[in-house]
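These notes are about the structure you will find just below.
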Amino acid sequence: MRERRHRRPHWVYGQGDDPDYSSSLANERTFLTWVRTALALLAAGVALDVVDLSISSQQQKAIAMTLLILAVVTALVSWVRWGLVERSMRRREPMPPIGFGALLVLALVGISAILIIAWL
């Protein structure tokens, strides 16, 4: 019990019992995959700001800023989702619903469509 008090975040580890290690590690791998996605969005936003494209400077900066904001949101949502899933496993409750991935895909499809139309 003493070990549990020192594990952070408390809102995750202060709940229920330790889940199966393989499930917990799978959850962590999923979290790290989302972090990698956030880093890719960050790199794309920086690259879009640096490279000179055949679209207006304001459009280019707006799309780059959107990618940077998506990167930050993806990193934050992935951490919260990791905690919610871990806590659900510890409490032996159903997993929380998945929703952010679909929103991210829609945002990236929209950005891609804007860039394709601008380049045509």
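If you're matching positions, the sequence shown starts at -7 in the working numbering and goes up one per residue.
The beta carbon of each residue, even a glycine, is placed where N, CA and C say it ideally should be.
Report the CB separation of Pro88 from Ser80 in whole angstroms; it is logged as a contact under 8 angstroms. Contact holds; Cβ gap of about 6 angstroms.
Please work out which residues of its chain come closer than 7 angstroms, Cβ to Cβ, to Pro11, disregarding the five sequence neighbours upstream and downstream, and give them in chain order. Only Met81 and Arg82 meet the Cβ criterion.
**Prompt:** Based on Cα-Cα distance, which residue from Ala18, Ile61 and Pro1 lies nearest to Leu34?
**Reply:** The shortest Cα separation from Leu34 among Ala18, Ile61 and Pro1 belongs to Ile61.
How is Glu20 classed by DSSP in three states: helix, strand or coil? Looking at Glu20 - three-state DSSP - the assignment turns out to be helix.
For Gln7, which residues of its own chain have a beta-carbon under 6 angstroms away from its beta-carbon, when the five flanking residues on both sides are left out?
For Gln7, where only same-chain residues beyond five positions count, the Cβ hits under 6 angstroms are Arg79, Arg82 and Arg83.
Exercise. Looking at the structure shown, is Glu85 part of a helix, part of a strand, or coil, going by DSSP?
Worked result: Residue state, collapsed to three classes: coil.
Can you tell me where the alpha helix (DSSP H) with Val97 in it begins and where it stops?
Phe92 to Trp111 is the extent of the alpha helix (DSSP H) around Val97.
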